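**Q** Counting in this note's numbering, the sequence shown runs from 4 upward without gaps. Using N, Cα and C, we set each Cβ at its ideal position, and we do this for glycine too. These figures come from a predicted structure and were not determined experimentally. Pasting a structure below so you can have a look.
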Amino acid sequence: MTIWRTFGLSLAAGAMPLAAAFGGPAEDVAAASDAFLQAFNSGDAAAVAQSFTEDAISLSPGWKVVEGRAEIEKMYTAFLKAGFGDLTRKVDSVTVVGDSIVIQVVRDYATRTDGHGAKTNHAYKVLTVWRRGDDGVWRVYRDSFNDLPQG
Numbered sequence: 004m005t006i007w008r009t010f011g012l013s014l015a016a017g018a019m020p021l022a023a024a025f026g027g028p029a030e031d032v033a034a035a036s037d038a039f040l041q042a043f044n045s046g047d048a049a050a051v052a053q054s055f056t057e058d059a060i061s062l063s064p065g066w067k068v069v070e071g072r073a074e075i076e077k078m079y080t081a082f083l084k085a086g087f088g089d090l091t092r093k094v095d096s097v098t099v100v101g102d103s104i105v106i107q108v109v110r111d112y113a114t115r116t117d118g119h120g121a122k123t124n125h126a127y128k129v130l131t132v133w134r135r136g137d138d139g140v141w142r143v144y145r146d147s148f149n150d151l152p153q154g
């Protein structure tokens with residue numbers, strides 16, 4: 004039997020850990036999402052990549068389809084080298100499918116600092132499918148993000 008539960012929430016990741024807002028699989032995914040944010044904001048592309056399954060696929064602006072944890076690490080290394088940081092997340096909805104899949108729809112906000120110290124703000128809409136592995140750890144299985152239109 005497939006169980007679908009959808010939660011709506013608007014909350015900035017920096018204001019309160021996402022994990023505190025949910026229960027069950029959604030809480031576990033929120034904790035994994037918090038760990039992703041912490042790894043990204045500390046500039047650790049290898050730790051970011053550990054948030055993904057070995058066979059993960061990421062669809063990101065300006066990139067081909069990125070397949071596998073190793074390639075995803077390269078992508079995040081490039082993002083971090085390009086000056087992206089200060090990532091925050093606003094969760095729009097969480098859908099729990101059974102006990103092994105959680106789908107998050109979020110808006111991410113990042114700041115990019117160029118080589119001269121100038122900062123620009125970026126906003127993205129993100130769809131992420133998290134899957135629980137045989138080891139019980141939740142990781143990103145599929146994700147897609149695109150620029151969030153202003154206005």
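Under 8 angstroms Cβ to Cβ from K122, same chain only, skipping five residues before and after it: list those, please.
**A** T114, R115 and T116, listed in sequence order.
**Q** With a floor of 4 residues, list each alpha helix (DSSP H) that falls wholly inside the region 50-122, ordered by position along the chain.
**A** Segments of the alpha helix (DSSP H) lying fully in the region 50-122: 72-84.
**Q** Tell me F148's beta-bridge partners as DSSP assigns them.
**A** For F148, which the question treats as bridged, DSSP gives the partners V129.
**Q** Check V143 in the structure and name its three-state DSSP category.
**A** Three-state DSSP puts V143 in a strand.
**Q** CA-CA distance, L83 and K77?
**A** When rounded, the distance between both Cα atoms is 10 angstroms.
**Q** Write down the C-beta distance between V51 and Q107 rounded to the nearest angstrom, noting that I regard them as a contact closer than 8 angstroms.
**A** Rounded, the Cβ-Cβ distance is 16 angstroms, inconsistent with contact.
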